[in-house]
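Heads up, the thing below is written out as structure tokens.
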Amino acid sequence: MTEFGGQPNRIEKNTKIKGNITSEADFRIDGKLEGNVKTSGKVVIGKDGYINGKVECVNADIEGKFNGELLVKDLLSLKSSATIEGTVQVAKLAVEPGATFNAACTMGKGATTGTAAASTHKLQPTKSNEPAKVS
-19 MTEFGGQPNR
-9 IEKNTKIKGN
1 ITSEADFRID
11 GKLEGNVKTS
21 GKVVIGKDGY
31 INGKVECVNA
41 DIEGKFNGEL
51 LVKDLLSLKS
61 SATIEGTVQV
71 AKLAVEPGAT
81 FNAACTMGKG
91 ATTGTAAAST
101 HKLQPTKSNE
111 PAKVS
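Read in order, the letters of the sequence shown are residues -19 to 115 in the numbering used here.
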């Protein structure tokens, strides 16, 4: 998981933190964080994880819940159990069927400076060989 310097950081399940975190290493949240995360690595929100705040990172994998402002310089990957609310700026987005994405989203190279456009979608699972249906 570590692309950049340092050991990955972890907030375990049943742990609650209020405050801001800055790191150059990857971060995995399986607990609850009320505050901001800024890293030059990857942020992973586990299935039981929750962040309410602002996250700035290079890549992000989300299985749990996020509410706030999400700034991802490269790839944001939403797993089927993910729930996203707030505003999102991302270069690339991958969404598994079943994920809930209720966010104003700006995508592409200009994502960090563009104006967000509202987007509310619930992806519906389909047969394994068909693309996901957006409703």
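A virtual CB, placed ideally from N, CA and C, is assigned to each residue, including glycine.
Since we're looking at a predicted model, the values are computed, not measured.
Label Asp54 either buried or exposed according to how many other C-beta atoms from any shown protein chain fall within 10 Å of its C-beta, with 16 as the threshold for buried. exposed
Give the straight-line distance between the Cα atoms of Asn(-11) and Phe46, rounded to the nearest whole angstrom. Approximately 18 Å, taken between the alpha carbons.
Chain-order list of residues whose beta-carbon lies under 6 Å from that of Gly29 (same chain, five-residue window excluded): Beyond the five residues adjoining it in sequence on each side, Gly29 comes within less than 6 Å, by CB distance, of Ile9, Asp10, Gly44 in the same chain, given in chain order.
Assigned secondary structure, Glu116 (DSSP; H/G/I helix, E/B strand, else coil): Residue 116 lies beyond the residue range present for the chain, which begins at -19 and ends at 115; the question has no answer from this structure.
Return the CA-CA distance between Val17 and Val52, expressed in angstroms with no decimal places. 12 Å
Cβ of Thr80 within 8 Å of Cβ of Thr63? yes
Are Gly15 and Ile1 touching if we call contact CB-CB under 8 Å? yes
Using 8 Å as the threshold, is the C-beta distance between Val75 and Leu58 below it? Yes, they are a contact pair.
Thinking just about the alpha-carbon of each residue, which of Glu49, Ser61, Asp41, Gly66 is nearest to the one in Leu73? Asp41
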